[in-house]
Structures are given as structure tokens and as C-alpha cells.
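A.B. asks: Using the numbering used here, you'd call the opening residue of the sequence shown number 24 and step up by one each time. Ideal Cβ positions, reconstructed from N, Cα and C, are used throughout, including at glycine. Since this is a predicted model, take the numbers as computed values, not measurements. Quick one: structure below, then a few questions.
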Amino acid sequence: MSQQVNTLIIGQGICGSFLSLELEAAGVSHLVIDEARPFAASGIAAGLINPVTGRRLVTTWMIDELLASAREAYGRLSGVLGRPFLTETSVTDFFPSAQMRLAFLDRLAEDASWLQLPADEARWKDCFYYELGYGVISPCYLVDMQGLLAAARQRMVGMGILLEQRFERGIWRFFLTMCGMGISGRKGWFFVMGSGVVIAPGFPGCRSRRIRGRC
Ligand SMILES: Cc1cc2nc3c(=O)[nH]c(=O)nc-3n(C[C@H](O)[C@H](O)[C@H](O)COP(=O)(O)OP(=O)(O)OC[C@H]3O[C@@H](n4cnc5c(N)ncnc54)[C@H](O)[C@@H]3O)c2cc1C
């Protein structure tokens with residue numbers, strides 16, 4: 024393949040897929056290199072966006088902004104890929120211990136924004152054994168990760184911007200940064216979270232002090 028691009032994206036997980044879309048929208052030429060590991064995180068993830076977290080079910084940091092942003096971003100992606108990938112759902116939380124039931128009830132008394140008790144606690148008795156009852160976390164969102172990745176990949180192949188092979192750092196003489204970072208160039212900011220890798224060899228004026236965050 025002989026091609027000149029501004030940017031390489033290593034990995035077509037959820038981050039690489041979104042970043043590719045953002046670069047396309049910003050008019051930045053790019054190539055995605057992905058070796059299609061069968062057990063990469065995005066492909067096996069549940070795809071759940073949960074508004075509460077941890078044993079105390081505290082509200083997920085910045086959840087209102089994140090949910091609004093997720094709805095907007097996945098909506099945009101659906102427009103490009105031709106079908107929806109984000110559905111609203113709820114999580115049924117069977118209490119594994121009396122302590123967890125108490126934690127749920129305490130949290131519900133403090134803030135009922137995302138938590139509810141079921142109208143009929145016996146509803147799932149024929150399907151599950153749960154002597155301590157259950158609570159409901161709602162609304163949550165579920166992303167069809169496998170469908171999204173496959174559709175994004177198919178589109179990238181069609182556009183000729185996906186190279187299906189392993190990227191070996193040694194053979195590319197480019198500036199390379201690892202996950203959890205942002206890159207700024209003349210065309211704006213790009214932010215990547217997760218285990219993917221982004222390489223930005225061709226941003227004129229991209230200075231190292233403008234690279235934020237590392238892991
Ligand atoms: C079991 C499981 C369940 C999860 N459930 C949830 C959940 O419900 N909700 C949630 O928010 N998060 C969940 N996560 C976390 C979430 O899946 C990850 O944070 C996210 O998918 C990371 O995406 P990524 O694009 O950064 O990386 P990855 O999905 O790891 O994508 C990286 C891509 O890069 C490719 N690659 C790597 N190295 C190379 C190379 N050298 N050359 C070429 N290609 C390469 C891989 O093949 C892969 O396709 C879960 C994770 C796991 C493992």
C-alpha cells in the first residue's frame with residue numbers, strides 16, 4: 024500500500040473507531056492499522072454505561088455530561104454507519120449479601136436519581152435464586168460493541184483506510200505516544216482513552232507540551 028497520510032491510528036477498538044470518525048470529520052487524512060486480535064477489550068466488553076459505581080453505588084463521575092456526550096457521539100456514529108448502537112436499558116442488581124442490600128437502600132435514601140426498588144420483588148423467582156432481593160439501576164445504556172466495530176471496520180475497508188496487520192514500532196520512524204492522551208495540532212484536539220495507541224507524525228506545530236496525560 025502506498026499512501027501518504029497525516030496520522031496513523033494503531034488499533035481499531037472503540038477508541039480508534041471514534042478517533043477515525045473525528046479525524047474524517049476534521050478533514051485529517053489518516054490510516055488505521057489493526058491486527059484484529061480476537062480478544063481485544065472492545066470486542067469482548069459488555070458495553071455497559073453505568074451511572075453508578077462501586078460497592079456504595081456512588082454516582083459515576085461527571086455522569087450527566089458523559090451521558091449527554093455519549094448520546095451525541097453514538098448518535099453521530101449511527102448516522103455515519105447507518106444504524107443505532109446505543110440502547111437505553113436497566114441493570115437488575117441481585118444483592119449478593121445483606122451488606123450490599125443495605126448499601127443499596129442507604130444510597131437510595133440519599134439519592135434516588137438512578138436507583139429504584141422493583142414493584143414486584145418475586146418477578147424473577149422462577150429464573151434466579153436471590154433470597155436477598157434486588158434493586159434496579161436505571162437508566163443505563165448498552166452499546167452494541169461487536170456490531171459497531173464490525174460496521175466501522177467494514178466502512179474503513181471500503182474507504183481504503185484500514186491496514187489489517189500488526190504494527191511494529193521499530194519499523195515506523197514516527198513520534199509515538201501511548202494511551203490516555205491528547206494531541207493538539209492546527210486542526211484541534213484529539214483525545215484518546217484506553218489501551219489503543221495513536222501516532223501523530225504529521226501535525227505541523229504539534230509540540231510535546233501540548234500532549235496531555237500518559238499512562
Ligand atoms: C471483559 C471486559 C468487559 C468490559 N466491559 C466494559 C463495559 O461494560 N463498559 C465499559 O465502559 N468498559 C468496559 N470494558 C473496558 C473497555 O472495553 C475498554 O476500556 C475499551 O474497549 C478499550 O478500547 P480501546 O480502543 O482503547 O482498546 P482495544 O479495544 O484494546 O483496541 C485496541 C486495538 O488495537 C489492536 N492492536 C493492539 N496492538 C496492535 C499492534 N501492535 N498492531 C496492530 N493492532 C494492534 C487490537 O487488535 C485492538 O483491535 C471492558 C473490558 C473488558 C476486557
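#1: Are there any heavy atoms of ligand 1 lying less than 6 angstroms away from the beta-carbon of Ile56, as far as the coordinates show?
#2: Is the separation between the beta-carbon of Phe117 and that of Tyr164 shorter than 7 angstroms?
#3: Buried or exposed for Cys150, please, with buried defined as at least 16 other CB atoms from any protein chain shown within 10 angstroms of its CB.
#4: Within 10 angstroms of the Cβ of Gly102, are there 16 or more other Cβ atoms? Answer buried if so, exposed if not.
#5: Over what stretch of residues does the alpha helix (DSSP H) that includes Leu165 continue unbroken?
#6: Please state whether the Cβ-Cβ distance between Phe56 and Leu172 is less than 7 angstroms.
#7: Whole angstroms is fine: what's the gap from Gly203's alpha carbon to Asp167's?
#8: Could you pull the start and end residues of the beta strand (DSSP E) that Ile56 belongs to?
#9: Going by DSSP, what residue range makes up the beta strand (DSSP E) through Leu31?
#10: What would DSSP say about Glu191, mapped onto helix, strand or coil?
#11: Please check the pair Ser65 and Gly36, which I expect to be a contact at CB under 8 angstroms, by giving their CB distance rounded to whole angstroms.
#12: In whole angstroms, what is the alpha-carbon distance linking Ala48 and Gln188?
#13: Measure the alpha-carbon distance for Ser161 versus Gln122 and round it to whole angstroms.
#14: In chain order, what residues of the same chain lie with their CB nearer than 6 angstroms to the CB of Glu144, ignoring the 5 residues before and after it?
#15: Using the C-alpha atoms, what's the distance from Leu42 back to Arg196?
#16: Taking a contact to mean a Cβ-Cβ separation below 7 angstroms, would you say Gln139 touches Val159 in this structure?
#17: Assign Arg146 to buried or exposed, taking buried as 16 or more other Cβ atoms, counted over all protein chains shown, within 10 Å of its Cβ.
#18: In angstroms with no decimal places, state the Cα-to-Cα distance between Pro224 and Glu191.
C.D. replies: Reading off the structure:
#1: In the sequence shown, residue 56 corresponds to position 33, counting from 1. Because some heavy atom of ligand 1 lies under 6 angstroms away, the Cβ of Ile56 counts as near it: yes.
#2: The residue labelled residue 117 in the question sits at position 94 within the sequence shown. The residue labelled residue 164 in the question sits at position 141 within the sequence shown. No. Outside cutoff.
#3: The count along the sequence shown starts at 1 and reaches residue 150 at position 127. By the neighbour-count rule (16 or more Cβ atoms within 10 Å), Cys150 is not buried but exposed.
#4: The residue you call residue 102 lines up with position 79 of the sequence shown. Exposed is the call here.
#5: Counting from 1 along the sequence shown, the entry for residue 165 is found at position 142. No alpha helix (DSSP H) holds Leu165; the beta strand (DSSP E) holding it covers Tyr157 to Val166.
#6: The count along the sequence shown starts at 1 and reaches residue 56 at position 33. The count along the sequence shown starts at 1 and reaches residue 172 at position 149. Per the sequence shown, the amino acid found at residue 56 is Ile instead of Phe. No, they are not a contact pair.
#7: Residue 203 sits at position 180 when you count from the first residue of the sequence shown. Residue 167 sits at position 144 when you count from the first residue of the sequence shown. Residue confidence for Gly203 is low, a pLDDT of 33 falling below 50, so the modelled location carries little weight; the figure read from the coordinates is stated next. Whole-angstrom Cα-Cα distance: 23 angstroms.
#8: As a position in the sequence shown, residue 56 is number 33, starting the count at 1. Where Ile56 is concerned, the enclosing beta strand (DSSP E) stretches over His53 to Ile56.
#9: As a working note, residue 31 is residue 8 in the sequence shown. Element bounds for Leu31: Thr30 to Ile33.
#10: Mapped onto the sequence shown, residue 191 falls at position 168. In the structure shown, Glu191 sits in coil (DSSP, three-state: anything other than H, G, I, E or B).
#11: On the sequence shown, residue 65 is found 42 positions in, with the first residue counted as 1. On the sequence shown, residue 36 is found 13 positions in, with the first residue counted as 1. That pair is a contact at about 4 angstroms.
#12: As a first step, residue 48 is located in the sequence shown; it is residue number 25 there, counting from the start. As a first step, residue 188 is located in the sequence shown; it is residue number 165 there, counting from the start. About 25 angstroms.
#13: Here residue 161 is taken as the residue at index 138 of the sequence shown, counted from 1. Here residue 122 is taken as the residue at index 99 of the sequence shown, counted from 1. Taking the straight line from one Cα to the other gives about 21 angstroms.
#14: Here residue 144 corresponds to residue number 121 of the sequence shown, with the count starting at 1. Correct list, in chain order: Gly156.
#15: Looking up residue 196 in the sequence shown gives position 173. Looking up residue 42 in the sequence shown gives position 19. Per-residue confidence for Arg196 stands at a pLDDT of 47, beneath the threshold of 50, marking its modelled position as unreliable; the derived number appears in the next sentence. Spanning the two alpha carbons is a distance of roughly 22 angstroms.
#16: Position 116 of the sequence shown, counted from the first residue, corresponds to residue 139. Position 136 of the sequence shown, counted from the first residue, corresponds to residue 159. Contact: yes.
#17: Within the sequence shown, residue 146 is the residue found at index 123, counting from 1. Classification of Arg146: exposed, given that the 10 Å Cβ count is below 16.
#18: Working through the sequence shown from its first residue, we reach residue 224 at position 201. Working through the sequence shown from its first residue, we reach residue 191 at position 168. Note that Pro224 scores 45 on pLDDT, short of 50, meaning its location in the model is unreliable; the coordinates nonetheless yield the value given after this. Each residue's alpha carbon lies about 15 angstroms from the other.
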